[in-house]
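S.K.: I have a structure I would like to understand better, so I am pasting it below and will then ask my questions one at a time.
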Amino acid sequence: MADVSTSTSEELAAENARLRERLGALESELVEVQARTNAIVAQSQERAYWLDRWHVDLNALMERPGASEFRASLRAARSVTRLLRRLKRRLGS
Amino acid sequence: MIPVKDGERYLEELLEALGREGVDEILVIDSGSSDRSPAIARAAGVELLEIEPGSFGHGHTRNLGAERVSGQLICFLTQDATPCPGWLAAFREAFELDERVGAAFGPHLARPDTSPFIARELSEFFTGFAPDGNPTIQRTGGESFLSNVNACYARECWQQIRFREVAYSEDQAFGRDMLEAGWAKVYHPAATVLHAHDYGPLEFMRRYFDEYRGLRETTGHVEPFALAAGAREVARAVAEDRRWMAARGMRPGEQARWIARSAVHHGGRRVFSALGSRADRMPPALRSGLSLERRGDAADPPADDAGLAETSPLPPARRIARKLSGEIYDTPARVWRTGPAPLLEPVPGMADRERLRLAMVIPTFSRGSGGHNTLFQIFSRLERRGHACSVWLADYHGYANAVWPGVLRREIQEYFAPFQGPVYKGFDAWQGADVAIATGWQTAHAMLELDQCRARAYVINDHEPEFFPSSAEQALSAETYGYGMHPIAASPWLRDLLKSRYGTPGEAFQLGVDHDVYRPRPVERRRDTVIYYARYATPRRAVPIGLMALAELKRRRPEVRVILFGTDEILDASFDYEHVDVLNPTQLSWLYSEATVGLCLSLTNFSLMPKEMLACGLPCVELAGISAESIFGEDGPLELAPLDSNRIADSIERLLEDRAEWDRRSREGIDFVASHTWDQATDEVEAGLRHALRVRERAATPS
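What follows is the structure in structure tokens.
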């Protein structure tokens, strides 16, 4: 009877230790995820500093009337510029 | 109840309809009709009350009518509003929808001969209240529109609110007042009346003048004179009228005729509504000329029907439009109402994990804020030790509304310390933390609302209730010590005060000194210079006492050079002095290295500045009997003086005169603060944070 009880108690202690170890690992993982999240947000805040300073919300800006037309005109101008450069290169070579 | 004046055109039809609907009681109040209106009422067998035309008032007369009838539901109609079948049943149903329904109103259908633009507006306006065709309930904060053309009131609600005795728009005022008092209001689309005010163009304009004048008097609404926007709005309304007419198969020729009327109507409305909003600035004759009701006075006081009551001496109360979305201290109020958010269950061993998730909630700041400098010196070091750290700004007053998070973060780095983590404004992105840290009374309630935390700590830089006279702020700041946040105080004095006054046991940390910056600089020490931290805007600095002490010193020793620093404000004083603005730490260290005596007074917790002066070898005078003794002892490196300008002057003079005493204080000061570093302060705060977690663990461990 005593052997059975000792064995059960040891098993419980082992299980307890295993669970604590697992808990510790999950806790470490949680902190690691939080640290990575913090780093990503901080990095994006660092990148957006001048936009934030000038109160420019590019998403809101590009949803305003005329924004897509403005982008289209920029694309058109860029394609003309590229075409001209290509022509120049060909004529030059 | 129907107020009438020259209303014979529809009155007979109206009374017949009411009879058909089965109302219990009908009261017609005639205010001097010159047509057959009284005769029609008598012939219909309804109660007729005739009053003097001059005693009529939209609110006053309706209150009078409501007092004379006896039902629990009181309906009001205008003389040209004819109920449609099912009208009364719909109103009865409206009051069944909720026990707090105090009033109901229904739509106005256009009569067949109504102008198309009026018919369209009526139809669209009322459809907007119930797009799905079902009754809608409006409550506090919702739509307040109510119209006595066609409305029904619960007697209990009317008795509590009553119509204001205003010249116009008594219904709108009632709608708003009842919602504010917690009553609900129902729009029932089946409580329909036939109604339209079809006037000639000029009469329409004068009616709008009256309407907007009434709105200004009851709600404060001012219609803008925006020419370009007004023109666009008129064009849009005319286009909508044209579409509406086309959809109803009106012939093009007829459409063209109405479109011209429509343009005049909408344009006239824009102009006359804006004029009506400004009627109070017009001469009475012009007001009367523009008014359809010929009202020339600014706001007709209602005449008493019996002529017996005294005129109230009360001036008319002004209604002030809402400007804020909430009150400044809504956050504490929410905590009072619902209590702090529950903490997460403790996890075994959480206090001893190598890395913790720390979230620090800070109040708004500006360059030179000593408290924030302390916080970020420590928090940036905790971050460097591997803890996952984030910063959250609580801003009750909206001081930082114009500052976006990326800028806040950079300002923290430039003003205080190189914190590398994220900085959030508000708590929409809240992610939880092992320890959430409040850092000032303005952050405590906001932090108490945050969930997913294992423990809460309160880094307390000073006893903030002493910053305020008796006030909401004093009470709120004192109240923050009662929520069981684990206090980590910025001196033993402050720790002891929290325990003795609020019964809040906690820990203390010593403010650190940046010895790389604050050290004796290679500059010749002057023997005649007293520098004074004269931050007048901070009352706890007792600047008037300090200035009196310096005035006394200058009286005794006119040759002494006095420099005031730490403020951009040039103070008026009874002695000549030199002034330097807010200096950066390196500049300060040079100033401290050159001066002879520093003067820095604090009526509350000991600040960092005297330590920084001592680190540069500058003896400093502080106030005795407050907090300095808890750090330096009674005869330590600091020269302590009571709160007496003459005694403070004595202390400064002694240091100027007694070379041996000066040398002792200077040497002991450097030695004393050598061990006071930010790393040591960080150790102490980290221990406090872990202690907060340990307290939670212990509380959860079964005994």
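Chains as they are written, first to last, in the working numbering: chain A, 1 to 93; chain B, 1 to 703. All C-beta atoms in this analysis are idealised placements derived from N, C-alpha and C, irrespective of residue type, glycine included.
Below 8 Å on the Cβ atoms is my guess for B:Glu21 versus B:Leu88; work out the distance and round it to an integer in Å.
M.R.: About 4 Å separates the two Cβ atoms, so the contact holds.
S.K.: Should B:Gly406 go down as buried or exposed, given a rule of 16 or more other Cβ atoms within 10 Å for buried?
M.R.: Buried, because 16 or more other Cβ atoms sit within 10 Å of the Cβ of B:Gly406.
S.K.: Can you tell me where the beta strand (DSSP E) holding B:Tyr153 begins and where it ends?
M.R.: Counting along the chain, the beta strand (DSSP E) containing B:Tyr153 begins and ends at 150-154.
S.K.: Run through the stretch 32-79 of chain B for me and flag every whole beta strand (DSSP E) of 3 or more residues, listed as ranges in chain order.
M.R.: Runs found: 47-50, 73-77.
S.K.: In angstroms, rounded to a whole number, what distance separates the CA positions of B:Trp493 and B:Tyr458?
M.R.: Each residue's alpha carbon lies about 16 Å from the other.
S.K.: Closer than 9 Å by beta-carbon distance: list the chain A residues that pair up with B:Ser390, in chain order.
M.R.: What B:Ser390 touches in chain A: Gln34, Thr37, Asn38, Val41, Ala42.
S.K.: Along chain A, in chain order, which residues have C-beta atoms closer than 9 Å to that of B:Arg410?
M.R.: Gln45, Glu46, Tyr49, Asp52, Arg53, listed in chain order.
S.K.: Around the C-beta of B:Gly7, are 16 or more other C-beta atoms found within 10 angstroms, so that it is buried, or is it exposed?
M.R.: Answer is buried; the Cβ neighbour count reaches 16.
S.K.: Hey, B:Leu588 and B:Gly669: beta-carbon distance below 9 Å or not?
M.R.: Contact: no.
S.K.: Quick check on A:Glu27 - is its C-beta less than 9 Å from some C-beta in chain B?
M.R.: Interface residue, yes.
S.K.: Judging by CA-CA distance, which residue of B:Gln138, B:Phe174, B:Ala237 is the nearest neighbour of B:Ser147?
M.R.: Considering only alpha carbons, the answer is B:Phe174.
S.K.: Whose Cβ in chain A lies nearer than 8 Å to the Cβ of B:Gln431?
M.R.: Those are Gln34, Thr37, listed as they occur along chain A.
S.K.: I need the straight-line Cα distance from B:Val435 to B:Asp516, nearest angstrom please.
M.R.: If I take the Cα positions, the gap works out to 31 Å.
S.K.: Compare the Cα-Cα distances from B:Arg92 to each of B:Ala641, B:Phe416, B:Leu601, B:Ala104 and report the closest residue.
M.R.: Closest by alpha carbon: B:Ala104.
S.K.: Nearest to A:Thr37 by alpha carbon, out of B:Ala429, B:Pro558, B:Gly633, B:Ile570?
M.R.: It is B:Ala429 whose Cα lies nearest to the Cα of A:Thr37.
S.K.: Could you name each continuous beta strand (DSSP E) segment of 3 residues or more that falls completely within the stretch 413-440 of chain B, going from the start of the chain to the end?
M.R.: Counting only runs of 3 or more, we get 423-425, 433-438.
S.K.: Could you list which residues in chain B have their beta carbon closer than 9 Å to that of A:Leu23, in chain order?
M.R.: Here the neighbours are Val347, Pro348, Gly349.
S.K.: B:Met245 by DSSP, collapsed to three states: which one?
M.R.: Correct three-state label for B:Met245: helix.
S.K.: Just checking: is the beta-carbon of A:Leu12 within a distance shorter than 9 Å of some beta-carbon in chain B?
M.R.: So, not an interface residue.
S.K.: Looking only at its chain, what residues have a beta carbon closer than 7 Å to the beta carbon of B:Ala433, apart from the 5 residues adjacent to it on each side?
M.R.: These residues qualify, in order along the chain: Arg357, Leu358, Ala359, Cys453.
S.K.: Measure the C-alpha to C-alpha separation of B:Ser169 and B:Pro316 and round it to an integer number of angstroms.
M.R.: If I take the Cα positions, the gap works out to 16 Å.
S.K.: Could you please give the first and the last residue of the uninterrupted beta strand (DSSP E) stretch that includes B:Val222?
M.R.: B:Val222 -> no beta strand (DSSP E), and no H or E assigned at all.
S.K.: Assuming B:Tyr533 is part of the beta strand (DSSP E), what are its boundary residues?
M.R.: Run containing B:Tyr533: 529-533, per the beta strand (DSSP E) assignment.
S.K.: Along the chain, which unbroken stretches of the beta strand (DSSP E) at least 3 residues long are found entirely within the stretch 559-614 of chain B?
M.R.: Whole beta strand (DSSP E) segments, 3+ residues: 561-565, 597-599.
S.K.: Report the residue from B:Leu11, B:Leu49, B:Leu27, B:Met485 whose alpha carbon sits nearest the alpha carbon of B:Ser37.
M.R.: Nearest of B:Leu11, B:Leu49, B:Leu27, B:Met485 to B:Ser37, Cα basis: B:Leu11.
S.K.: Can you grab the Cα-Cα spacing for the pair B:Glu124 / B:Ala260, in whole Å?
M.R.: Approximately 21 Å between the Cα atoms of the pair.
S.K.: Taking the beta carbon of B:Gly506 as the centre, do at least 16 other beta carbons fall within 10 Å, making it buried, or is it exposed?
M.R.: It is buried - the Cβ of B:Gly506 has at least 16 other Cβ atoms within 10 Å.
S.K.: Tell me, which residues are paired with B:Lys499 by DSSP?
M.R.: DSSP, once it has assigned bridges, lists no residue as partnering B:Lys499.
S.K.: Is the beta carbon of B:Leu643 sitting closer than 9 Å to the one on B:Arg665?
M.R.: It is not a contact, given that the beta carbons lie outside the stated cut-off.
S.K.: Check B:Arg456 in the structure and name its three-state DSSP category.
M.R.: It is a strand residue.
S.K.: Contact between the stretch 93-113 of chain B and the stretch 204-215 of chain B: three or more CB pairs below 8 Å?
M.R.: The stretch 93-113 of chain B vs the stretch 204-215 of chain B: no contact.
S.K.: So, using beta-carbon positions, are B:Thr443 and B:Pro332 closer together than 9 Å?
M.R.: Taking 9 Å as the Cβ cut-off, B:Thr443 and B:Pro332 do not qualify as a contacting pair.
S.K.: What residues from chain B crowd round A:Arg18, counting only those whose CB sits closer than 8 Å?
M.R.: Per Cβ cutoff of 8 Å: no residues; A:Arg18 is ~13 Å from chain B at best.
S.K.: Starting from the Cα of B:Val4, find the closest Cα among B:Thr480, B:Leu547, B:Ser34 and give me that residue.
M.R.: Nearest of B:Thr480, B:Leu547, B:Ser34 to B:Val4, Cα basis: B:Ser34.
S.K.: Restricting to Cα atoms, I'd like to know which of B:Gly19, B:Gly54, B:Asp679 is closest to B:Arg731.
M.R.: Nothing can be reported for residue 731 of chain B, as the shown portion of chain B is limited to 1 through 703.
S.K.: Taking the straight line between their C-alpha atoms, what separation do you get for B:Ser31 and B:Leu49?
M.R.: Rounded to the nearest angstrom, the two C-alpha atoms are 9 Å apart.
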